[in-house]
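Numbering (the numbering used here), first residue to last: 24 to 250.
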């Protein structure tokens, strides 16, 4: 890959010449020139403009898919070479769901940095759906999520077992019960995570087995995190 390829990938992923310029720390005219040079070299138009927005042409999408694979292969090559020399360097972008970011990641990052001090870590957090989207769009290299496998083009590996429990105030009538019935579940005022959350997806799956429709629960609040 040469620098024009890098510029093209940035424009394709941002769908913006100005954002690509900011990302690469070069001027917008320089970005435009690199794209023009690549189009001349390949003898195709890579982008088309519709109003104020730009889009990949069919040829542009084809070039993007191939260059993305080349970039991934080159990154793997660099990693393997560094492993031979026992000198790991570079940038690793990790995405994690809110719960994992709060309770698991801090200790893991500390251990990772101690072992690989030359690797620069970036952590993004959000719900599981958002992290999967960032992974599919190559904004991150690794996503730590809580939901079930939902994308055929993402490889899922189980790394930790966890459990979800219902909690209530100590003065609640339900706090004195050892079990809650299905009828109780449908009448209780409940606080749940927001849509897109892996936690909510798991809860929904369990409730479905008992023929409970999530939308029919007495949900009073959807929270953006477990805090």
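Even glycine gets a Cβ: it sits at the ideal position worked out from N, Cα and C.
Classification of residue i by the beta-carbon crowding that lies within 10 angstroms, buried from 16 upward
i: residue 133; result: exposed
i: residue 224; result: buried
i: residue 154; result: buried
i: residue 170; result: buried
i: residue 102; result: exposed
i: residue 57; result: buried
i: residue 182; result: exposed
i: residue 168; result: buried
i: residue 118; result: buried
i: residue 79; result: buried
i: residue 221; result: buried
i: residue 33; result: buried
Proximity of residue i and residue j at Cβ, strictly below 8 angstroms
i: residue 116; j: residue 164; result: yes
i: residue 139; j: residue 114; result: no
i: residue 128; j: residue 187; result: no
i: residue 247; j: residue 217; result: yes
i: residue 63; j: residue 38; result: no
i: residue 151; j: residue 120; result: yes
i: residue 161; j: residue 92; result: no
i: residue 31; j: residue 61; result: yes
i: residue 166; j: residue 157; result: yes
i: residue 24; j: residue 94; result: yes
i: residue 267; j: residue 208; result: The structure shown does not extend to residue 267, since the chain spans only 24 to 250, so no value can be given for it.
i: residue 112; j: residue 141; result: yes
Span of the alpha helix (DSSP H) around residue i
i: residue 82; result: 81-107
i: residue 245; result: It is not in any alpha helix (DSSP H) - residue 245 instead sits in the beta strand (DSSP E) that spans 241-246.
i: residue 27; result: 26-37
i: residue 161; result: From DSSP, residue 161 is part of no alpha helix (DSSP H); its letter is neither H nor E.
i: residue 58; result: 51-65
i: residue 44; result: 40-47
i: residue 223; result: 221-232
Opening and closing residue of the beta strand (DSSP E) in which residue i lies
i: residue 71; result: 70-73
i: residue 213; result: 212-216
i: residue 166; result: 165-167
8 angstroms contact criterion, which residue i and residue j should meet: CB distance rounded
i: residue 35; j: residue 83; result: 7 angstroms
i: residue 69; j: residue 86; result: 6 angstroms
i: residue 243; j: residue 205; result: Contact doesn't hold; Cβ gap of about 19 angstroms is too wide.
i: residue 124; j: residue 148; result: 4 angstroms
i: residue 203; j: residue 189; result: 7 angstroms
i: residue 245; j: residue 215; result: 6 angstroms
Please give me, in chain order, every unbroken run of the alpha helix (DSSP H) with length at least 4 that falls completely inside the stretch 110-157.
Residue ranges of uninterrupted alpha helix (DSSP H) with 4 or more members, entirely inside the stretch 110-157 and ordered along the chain, are 121-126 and 128-138.
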